[in-house]
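Okay, structure first, notes after.
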Amino acid sequence: MANYKDYMLFEKLPHTWCAGCGHGIILQAIADAFAMQGLDKHDIALVSGIGCFGRVDDYLDINCMHVTHGRALPAATGIALANPELHVLVTMGDGDGATIGGNHLIHCARRNINLTAVIANNYNYGQTGGQYSGTTPAGSITATSPYGHVEPGFDICKLAEAAGAPFVARTTPYNPMQIRNLIKRGMQTRGFALIEVMDTCPTHYGRLNKFGDAGPMLEKLNNMTVPVEKASSMSGEELEGRIVTGVLTDRPREDYYTRYKRIIDRLSTEKGSVPSA
Amino acid sequence: MAMAKKFNISINTKNCKQCGICSYLCPKEVLEQKVGGYPEAVRPEACIGCRLCEMRCPDFAIGVEVVQE
Amino acid sequence: MRGEKRFIEGNIAIVEGAIAAGARFYAGYPISPSSEIAEYSARLLPRVGGLYIQMEDEISSMAALLGASVAGKKAYTATSGPGVSLMQENLGLGIMSEIPAVIIDVQRSGPSTGAATKPAQGDLMQARWGAHGDHSIIALSPASVQECFDLTVCAFNLAEKYRTPVYLLADETIGHLRETVTIRELEPDEIVSRKQPAEDVGPEDFRPYRYDGIMPEAMPPFGSDRYLSRTTGSTHDEKGEFRPVPENIHRVTHYLTDKIEKNAEDICMTKGWYLDDAETAFITWGCATRSALGAMEQLRARGEKVGMLQLQTVWPMPEKEIRSVLSSVKTVVVPELNLGQAAGEIRKFNDYGCKVVQANRVDGILISPEQIIRVWKEAEQHGEL
Chain E
228 MANYKDYMLF
238 EKLPHTWCAG
248 CGHGIILQAI
258 ADAFAMQGLD
268 KHDIALVSGI
278 GCFGRVDDYL
288 DINCMHVTHG
298 RALPAATGIA
308 LANPELHVLV
318 TMGDGDGATI
328 GGNHLIHCAR
338 RNINLTAVIA
348 NNYNYGQTGG
358 QYSGTTPAGS
368 ITATSPYGHV
378 EPGFDICKLA
388 EAAGAPFVAR
398 TTPYNPMQIR
408 NLIKRGMQTR
418 GFALIEVMDT
428 CPTHYGRLNK
438 FGDAGPMLEK
448 LNNMTVPVEK
458 ASSMSGEELE
468 GRIVTGVLTD
478 RPREDYYTRY
488 KRIIDRLSTE
498 KGSVPSA
Chain U
11 MAMAKKFNIS
21 INTKNCKQCG
31 ICSYLCPKEV
41 LEQKVGGYPE
51 AVRPEACIGC
61 RLCEMRCPDF
71 AIGVEVVQE
Chain A
7 MRGEKRFIEG
17 NIAIVEGAIA
27 AGARFYAGYP
37 ISPSSEIAEY
47 SARLLPRVGG
57 LYIQMEDEIS
67 SMAALLGASV
77 AGKKAYTATS
87 GPGVSLMQEN
97 LGLGIMSEIP
107 AVIIDVQRSG
117 PSTGAATKPA
127 QGDLMQARWG
137 AHGDHSIIAL
147 SPASVQECFD
157 LTVCAFNLAE
167 KYRTPVYLLA
177 DETIGHLRET
187 VTIRELEPDE
197 IVSRKQPAED
207 VGPEDFRPYR
217 YDGIMPEAMP
227 PFGSDRYLSR
237 TTGSTHDEKG
247 EFRPVPENIH
257 RVTHYLTDKI
267 EKNAEDICMT
277 KGWYLDDAET
287 AFITWGCATR
297 SALGAMEQLR
307 ARGEKVGMLQ
317 LQTVWPMPEK
327 EIRSVLSSVK
337 TVVVPELNLG
347 QAAGEIRKFN
357 DYGCKVVQAN
367 RVDGILISPE
377 QIIRVWKEAE
387 QHGEL
């Protein structure tokens with residue numbers, strides 16, 4: 228059986244991330260999700276953006292395209308359409324995925340491009356020093372909201388759901404087995420799949436908002452979670468401030484390429500060649 | 011009767027950043043760690059092989075190996 | 007060679023050129039005066055097994071182009087100045103990552119929305135310097151509908167050969183101009199295909215980048231069953247791994263410029279008229295070429311020794327050909343639908359005391375041959391300008 232290390236550039240460790248950062252837990256889960264499926268490395272393409280989590284590709288021994296901040300999803304759209312046989316994985320942070328790249332996220336979900344987006348949401352821009360992002364909760368202290376954040380944050384999963392994503396799920400690094408299983412299910416969904424991992428940044432967000440060290444921060448994060456099965460019987464009031472985890476949406480629908488390919492196939496059987504301009 | 015399993019826990023000090031996640035969250039308190047130190051498997055006999063330490067280690071620095079008795 | 011004569015506009019000829027060159031992926035966002043390229047691509051591409059996708063903006067369009075190219079498709083987009091502004095971010099990514107792609111800029115008046123969508127040639131410097139950081143760029147510019155076809159093919163070939171994004175700087179006049187052109191299927195040797203690693207390069211030995219010369223490494227597509235590959239917009243080494251150390255930053259920056267500037271002779275294309283006996287020359291590019299041709303013919307009919315150099319390649323500037331003109335004529339007139347963007351570049355090469363004057367127009371109307379003649383006459387009458 229394949230080992231997750233087979234998909235990694237293991238000799239490049241130790242990695243760039245801070246002590247206790249959840250990104251490494253997600254990296255291992257991504258590599259292990261490949262191993263669990265026994266994928267051929269050549270059949271996987273990973274697109275990453277900019278930010279701490281954008282460095283994921285540095286440690287993976289697969290096809291990797293490291294792009295600009297926020298543009299991982301449109302670049303991955305090009306790959307997924309140009310070679311529909313590839314398993315396309317897109318790794319982003321909350322800045323990449325839901326802030327500078329927020330528009331790309333909703334359009335990618337709407338188009339139903341066949342790829343799996345993994346968003347590590349640690350509520351802040353870690354790489355630039357912990358400024359607030361589009362998911363930072365109201366009231367939070369960050370480097371640029373020193374008196375408490377006045378904006379509410381996006382619920383990334385609801386955003387993707389509303390935009391039409393066929394598979395949406397959420398988990399935390401406290402539950403590494405669930406990350407693996409959800410990424411695997413996302414990759415096995417033909418179409419747009421989103422897995423949001425509520426991540427920990429003990430260096431910036433955790434420290435400023437009194438989450439404590441890495442271990443206690445993971446524990447506190449876990450205490451905030453509610454499995455989706457349980458959440459369905461809870462009131463909106465009870466769910467206030469809680470993180471609903473598990474598979475939130477699973478409603479397969481035909482992906483963009485499949486629909487477009489039908490047009491290509493139809494035209495290839497049609498008589499007559501070039502349409503007049 | 012099923013044989014009891016034993017586990018060997020290894021720490022890779024090259025990769026470990028001493029974040030404390032493994033020792034803090036070990037369900038059987040197998041690991042102990044002082045601030046500024048690496049985790050140590052002080053109660054390996056209590057290990058149930060759940061591998062949560064390995065999977066939760068952000069730094070690929072801890073491994074759990076089955077040693078059949 | 008199979009070909010057909012068609013009476014079509016420049017924008018359509020560009021799409022025909024792209025398809026003939028092997029392009030099979032388009033990502034873009036509609037903008038006048040380029041939209042016919044998107045519309046016709048949407049009609050034609052699925053008929054040849056290709057894909058058209060309309061993205062949410064020009065930023066994502068450029069990103070999708072690069073993604074499709076990395077997966078092995080020849081990819082293109084069409085836009086105008088406001089869209090080019092948005093594409094700069096991922097144009098830089100394409101340059102640093104060395105990803106072939108073709109960007110068709112059908113220029114219009116600016117800045118911003120400007121006098122939408124009157125013709126202009128104001129994007130010359132944006133094309134050269136729009137992306138931040140030191141780099142070089144290839145840009146071609148058609149002056150006829152036939153050149154829309156021919157230079158689009160060249161743009162794709164240069165993109166593949168030099169593994170870089172290439173501009174086609176058309177403009178509203180040429181894009182919407184109708185002429186009779188020959189659209190033809192290309193011979194295999196007229197098409198540059200994506201360079202693949204040599205047979206004897208094993209998967210372990212393959213490196214996606216090279217910096218030991220002025221030509222790029224081969225580029226197997228993502229999904230190759232033999233090679234894994236890697237592209238990045240971060241300063242990287244041969245493996246495509248982030249390597250921001252001084253000596254590496256130095257060599258990568260020099261390489262990205264050298265691979266174009268030091269291959270200028272191969273990249274630069276020009277057309278000349280009467281340069282053997284010319285005492286005055288018009289140096290032109292794009293739509294202004296047509297006005298200058300009219301001026302040249304009128305002056306020649308009057309016995310004036312006027313010649314012309316058309317820059318089909320505008321980046322890198324055809325320095326050798328421009329120097330040859332500057333060193334052999336007394337006066338050079340540079341007509342442009344901008345305030346002198348090419349003229350300034352031409353002056354950089356003027357080590358010969360040649361009088362370089364400008365005929366500019368930025369009111370959304372084409373330069374007339376009479377304006378060019380007037381500028382020439384003034385230059386002849388007054389000494390230094």
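Residue numbers (the working numbering), protein chains in the order written: chain E, 228 to 504; chain U, 11 to 79; chain A, 7 to 391. Backbone N, C-alpha and C fix where the C-beta goes; we use that ideal spot for every residue, glycine too. Quick caveat: nothing in here was measured; it's all calculated off a predicted structure.
Residue i burial status per 10 Å Cβ neighbour count (16 or more: buried)
i, result
"L466 (chain E)", "exposed"
"T186 (chain A)", "exposed"
"F280 (chain E)", "buried"
"N230 (chain E)", "exposed"
"Q415 (chain E)", "exposed"
"V52 (chain U)", "exposed"
"H242 (chain A)", "buried"
"S20 (chain U)", "exposed"
"R66 (chain U)", "buried"
"R236 (chain A)", "buried"
"S460 (chain E)", "exposed"
"L316 (chain E)", "buried"
Partners in chain A for residue i, counting only beta-carbon separations shorter than 9 angstroms
i, result
"G305 (chain E)", "F31, A33, I59, A69, A70, L71, L72, G73, A74, S75, V76, A77, K79 and A81"
Contact list for residue i against chain E, beta-carbon separation under 7 angstroms
i, result
"L99 (chain A)", "V294 and T295"
"S240 (chain A)", "H293"
"E95 (chain A)", "T295"
Euclidean distance between Cα positions of residue i and residue j
i, j, result
"T243 (chain E)", "S199 (chain A)", "38 angstroms"
"Y233 (chain A)", "C60 (chain U)", "37 angstroms"
"Y359 (chain E)", "P373 (chain E)", "10 angstroms"
"V45 (chain U)", "Q28 (chain U)", "8 angstroms"
"I383 (chain E)", "Y352 (chain E)", "16 angstroms"
"I306 (chain E)", "A74 (chain A)", "5 angstroms"
"A258 (chain E)", "D426 (chain E)", "17 angstroms"
"L391 (chain A)", "S334 (chain A)", "Note on L391 (chain A): pLDDT 45, under 50, position unreliable in the model; no value is reported."
"A302 (chain E)", "V108 (chain A)", "16 angstroms"
"S103 (chain A)", "S240 (chain A)", "8 angstroms"
"C245 (chain E)", "Q264 (chain E)", "30 angstroms"
"H376 (chain E)", "L332 (chain E)", "24 angstroms"
"G181 (chain A)", "L175 (chain A)", "10 angstroms"
"F70 (chain U)", "V40 (chain U)", "18 angstroms"
"M93 (chain A)", "L300 (chain E)", "16 angstroms"
"A284 (chain A)", "S86 (chain A)", "36 angstroms"
"S115 (chain A)", "D140 (chain A)", "27 angstroms"
"E50 (chain U)", "C26 (chain U)", "12 angstroms"
"V151 (chain A)", "A396 (chain E)", "52 angstroms"
"G329 (chain E)", "D482 (chain E)", "20 angstroms"
Chain A residues whose Cβ lies nearer than 7 angstroms to that of residue i
i, result
"I383 (chain E)", "Per Cβ cutoff of 7 angstroms: no residues; I383 (chain E) is ~17 angstroms from chain A at best."
For residue i: DSSP bridge partner residues
i, result
"V368 (chain A)", "According to DSSP, which records beta bridges pairwise, V368 (chain A) is partnered with nothing at all."
"S372 (chain E)", "E:T369"
"E50 (chain U)", "U:E42"
"Y32 (chain A)", "A:Y58 and A:Y82"
"P214 (chain A)", "DSSP output for P214 (chain A) lists no bridge partner at all."
"V345 (chain E)", "E:T318 and E:I422"
"N290 (chain E)", "E:A272"
"T337 (chain A)", "A:T286 and A:K361"
"R190 (chain A)", "A:G9"
"I21 (chain U)", "U:I72"
"L174 (chain A)", "A:I110 and A:L146"
"R184 (chain A)", "A:E15"
Under 7 angstroms by beta carbon: chain U residues contacting residue i
i, result
"Q255 (chain E)", "M65 and F70"
"P454 (chain E)", "The contacting residues do not exist; P454 (chain E) stays about 18 angstroms from chain U at best."
Neighbouring residues, chain E, relative to residue i (Cβ below 8 angstroms)
i, result
"K27 (chain U)", "P241, C245, A246 and G247"
"I31 (chain U)", "G247, A441, G442 and L445"
Neighbour list for residue i in chain U, Cβ cutoff strictly below 8 angstroms
i, result
"E446 (chain E)", "Y34 and L35"
"H250 (chain E)", "P68"
Neighbour list for residue i in chain A, Cβ cutoff strictly below 8 angstroms
i, result
"P393 (chain E)", "Within chain A, no residue comes near P393 (chain E); the closest Cβ sits about 19 angstroms away, beyond 8 angstroms."
Next on the checklist: In chain order, what are the residue ranges of uninterrupted beta strand (DSSP E) at least 3 long that sit wholly in the stretch 86-129 of chain A?
Outcome noted: As far as the stretch 86-129 of chain A is concerned, its whole beta strand (DSSP E) runs of at least 3 residues are 107-113.
Item to check | Uninterrupted beta strand (DSSP E) stretches inside the stretch 280-327 of chain A (no shorter than 3 residues) | outcome: Taking only runs of at least 3 residues, the beta strand (DSSP E) segments lying wholly in the stretch 280-327 of chain A are 286-290, 312-317 and 319-321.
Checklist entry - What are the start and end residues of each continuous beta strand (DSSP E) run of 3 or more residues lying completely inside the stretch 406-488 of chain E, in chain order? => result For the stretch 406-488 of chain E, whole beta strand (DSSP E) runs of length 3 or above, ordered along the chain, are 419-425, 452-454 and 470-477.
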